[in-house]
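Student: Our numbering puts the first residue of the sequence shown at 963, with every later residue one more than the last.
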Amino acid sequence: MKTLRHSAPTNILFLVYKALCQSLIIYCIRVWGGAAKTILIDLERAQRAVLKVMLHKPFRFNTDELYRDCRVLRVRQLFILRATMNMHRATLKSNNYEQLANQRVFKVPTPAIRTTFAGRQPHYLLPYVYNVVCRKLELRYLTTHQLKQHV
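1) Can you tell me whether DSSP reads F1023 as helix, strand or coil?
2) In chain order, which alpha helix (DSSP H) runs of at least 4 residues are fully inside the region 1024-1068?
3) Got a sec, what are the start and stop residues for the alpha helix (DSSP H) H968 sits in?
4) Work out the CA separation of K980 and P1084 for me, nearest whole Å.
5) Give a yes or no on whether the C-beta atoms belonging to T1046 and V978 are separated by under 8 angstroms.
6) Nearest-angstrom Cα distance between A1052 and I1001?
7) Spatial neighbours of M1049 within its chain, please: C-beta separation below 8 angstroms, excluding the five flanking residues on both sides.
8) Quick one: measure Cβ to Cβ for V1015 and K1055, integer angstroms, because I've assumed they're closer than 8 angstroms.
9) So, using beta-carbon positions, are V1113 and L1035 closer together than 8 angstroms?
10) Within the continuous alpha helix (DSSP H) that includes M1083, where are the two ends?
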């Protein structure tokens, strides 16, 4: 990325970032989303390092400004977006969608768990994140594309 930044414009650099870096993050985001924060911080550091090198920013550049300038989601935000999209797609295709949509509180059932380890697994974490997002935003009648724009 360091050698490419001298020969390519910024929009091409963002295409390369999305093709190489962000696609690798998204590939395993369902597993990484349930990882401990100490694991996620390493991923976020790597993401920030690539963005700073790409945009000629100093080492101590403010992280919030970096993400605001790049208009790129952080690793945790990517997990929330992907988890919400996957669960919404599955909910729309499920047989009991009409029953869920007619309820006063739109909530997808989550499996019962007994351990913290089980709470980090995708089969529990994805419905849980989806329900949290549904409490904050009205997602009941949105299509998948509208959901992506809304979230």
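For every residue, glycine included, the Cβ atom is placed at its ideal position computed from N, Cα and C. Treat the numbers as computed from the prediction; the structure is a model and nothing was measured.
Tutor: Reading from the atomic positions:
1) coil
2) Whole alpha helix (DSSP H) segments, 4+ residues: 1025-1032, 1037-1055 and 1059-1064.
3) Neither: H968 is in no alpha helix (DSSP H) and is coded neither H nor E.
4) 24 angstroms
5) no
6) 28 angstroms
7) Result list for M1049: V1070, L1088, P1089, V1091 and Y1092, in chain order.
8) That pair is no contact at about 41 angstroms.
9) no
10) Correcting the residue identity first, residue 1083 is Gln in this sequence and not Met. Run containing Q1083: none; DSSP gives neither H nor E here.
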